[in-house]
Amino acid sequence: SEEQHQEAYAVCTLAGSGRLGAYDGDATSAAFSSPRAVLVLPDESLLIADTGNHRLRRVFSPGVGRTPVVETVEPRKGWMCPVGLALTHDGAVLVCDAGHNKIKRLEMGSGTVSCFAGSGRRGHADG
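Given below as structure tokens:
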């Protein structure tokens, strides 16, 4: 007889109240709108592409035994439908900014945003 290997997993909510919105603060009270991507940063915080709110949000723990917190990252950078996130070898984050048809590079330390790829026009031209 063939043995089956079964493991038990527990699913828990790291952040979000389940309500639609754009509320920062205590992670269990935070509200998102169509979050599409999650990236673990080098400091072990999470970066979330909150697509429906056109924001990047960070979830971090303010200390051992304390409730995690959600904060908006660089709200004035003009994200429009961020849908994908990737970490570069030097610690920057590449953001697929679908609404602007660009891949943007975010320097987490300084908050500087630059265009990594894309002209802003729709299409599939190489360049």
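Counting from 147, one number per residue, gives the positions in the sequence shown under this note's numbering. The C-beta atom is built at its ideal place from N, Cα and C for all residues, glycine as well.
Practice problem: Please report the Cβ distance between A154 and G230, rounded to the nearest whole angstrom; I am assuming they are in contact, meaning their Cβ atoms lie under 8 angstroms. | Solution: No, A154 and G230 are not in contact; Cβ-Cβ is about 31 angstroms, not under 8 angstroms.
Exercise. Helix, strand or coil for L198, going by three-state DSSP, please let me know.
Key: Note on residue identity: the sequence assigns Gly, not Leu, to residue 198. Here G198 sits in helix by DSSP.
Quiz prompt | Residues sharing a beta bridge with D243, DSSP | solution = P228, K248
Quiz item: Mapping DSSP to helix, strand and coil, what is P181?
Solution: Strand at P181.
Practice problem: Return yes when the Cβ of P181 is within less than 8 angstroms of the Cβ of A168, no when it is not. | Solution: Result no, Cβ atoms of A168 and P181 do not sit closer than 8 angstroms.
Quiz item: How many angstroms separate the CA atom of L252 from the CA atom of L240?
Solution: 6 angstroms
Practice problem: State buried or exposed for A232, treating a residue as buried only when at least 16 other CB atoms are found within 10 Å of its CB. | Solution: exposed
Quiz prompt | Distance between beta carbons of R203 and E217, contact taken as under 8 angstroms | solution = 7 angstroms
Quiz item: When the distance is taken between beta carbons, is D172 closer than 8 angstroms to T213?
Solution: Between T213 and D172, the gap from beta carbon to beta carbon is short of 8 angstroms.
Quiz item: What residues match up with F262 in a beta bridge as DSSP calls it?
Solution: Per DSSP, none; premise fails for F262.
Self-check item: Same chain only: Cβ atoms within 8 angstroms of L160, ignoring 5 sequence neighbours per side
Solution: A173, L192, V205, P214
Quiz item: How about S175 and N199: are their beta carbons less than 8 angstroms apart?
Solution: no
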